[in-house]
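Structure, as structure tokens:
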Amino acid sequence: MINYSATVKISSQQLIELFEDSGIQRPTNDKLRVSRMINNANLLYTAWDGETLVGVARGFSDQAYCCYLSDLAIKKDYQKQGIGQQLIQKIHSDLGPNISLVLTAAPTAKGYYPKVGFENIDSGFKLARKY
1 MINYSATVKI
11 SSQQLIELFE
21 DSGIQRPTND
31 KLRVSRMINN
41 ANLLYTAWDG
51 ETLVGVARGF
61 SDQAYCCYLS
71 DLAIKKDYQK
81 QGIGQQLIQK
91 IHSDLGPNIS
101 LVLTAAPTAK
111 GYYPKVGFEN
121 IDSGFKLARK
131 Y
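Counting with the UniProt record's numbering, you get residues 1 to 131 for the letters of the sequence shown.
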């Protein structure tokens with residue numbers, strides 16, 4: 001049984017291991033940067049199988065209008081079990097119906113998000129990071 005939390009604190013090492021096992025591309029060789037990613041996000045929802053971190057959704061919200069969902073990562077052995085969808089639903093439910101969720105998707109994940117209720121938008125822009 002998977003348990004979900006919006007309050008459990010995780011370490012940078014736990015997040016690094018999850019990122020590496022999920023296939024998501026993040027700067028896992030920079031532990032300090034990953035630590036800042038955790039500490040500066042105002043939303044961090046986690047999924048647990050016992051003591052094992054199996055999923056995370058990390059983002060930022062103004063709590064009034066929109067939320068940027070920065071990361072959605074699920075361990076490979078736990079993918080395709082609805083864990084990502086549950087994390088998204090829990091965030092959206094907690095924020096309320098007047099707050100939009102927005103994200104950028106990796107090319108390999110573009111087919112996933114419409115399946116869990118997101119609509120494709122063409123009005124986004126970015127200034128790319130150097131990584």
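Cβ atoms here follow ideal geometry from the backbone N, Cα and C, with glycine treated the same way.
Quick check on this structure: which residue in the options has the alpha carbon closest to the alpha carbon of residue i?
i, options, result
"Lys115", "Leu95, Ile74, Lys80", "Lys80"
"Asn40", "Arg129, Met1, Ser70, Gly55", "Ser70"
"Leu127", "Thr104, Glu119, Gly117", "Thr104"
"Leu53", "Ser12, Pro27, Ile121", "Ser12"
"Cys67", "Ala73, Gly84, Gly82, Ile91", "Ile91"
Measuring straight from C-alpha to C-alpha, what distance separates residue i and residue j?
i, j, result
"Glu17", "Arg58", "15 Å"
"Ile99", "Asn3", "24 Å"
"Pro107", "Gln25", "12 Å"
"Lys110", "Gly50", "30 Å"
"Tyr45", "Gln86", "10 Å"
"Asn119", "Asp94", "The sequence shown places Glu at residue 119, rather than the Asn named in the question. Near 20 Å, if we compare the C-alpha coordinates of Asp94 and Glu119."
"Met1", "Tyr78", "11 Å"
"Gly55", "Gly82", "11 Å"
"Gln14", "Gly124", "31 Å"
For residue i, name the three-state secondary structure that DSSP assigns.
i, result
"Leu127", "coil"
"Gly82", "coil"
"Asn39", "helix"
"Val8", "coil"
"Val102", "strand"
"residue 132", "Residue 132 lies beyond the residue range present for the chain, which begins at 1 and ends at 131; the question has no answer from this structure."
Determine the burial state of residue i: buried for a count of at least 16 other Cβ atoms within 10 Å of its Cβ, exposed for fewer.
i, result
"Leu32", "exposed"
"Lys76", "exposed"
"Met37", "buried"
"Phe19", "buried"
"Val8", "exposed"
"Gly96", "exposed"
"Ser22", "buried"
Among all the DSSP beta bridges, which residues are the ones paired with residue i?
i, result
"Asn3", "Trp48"
"Arg58", "Leu44, Asp71"
Does the distance between the C-beta of residue i and the nearest non-hydrogen atom of the ligand PLP fall short of 7 Å?
i, result
"Arg36", "Absent from the structure shown: the ligand PLP. Ligands present: none."
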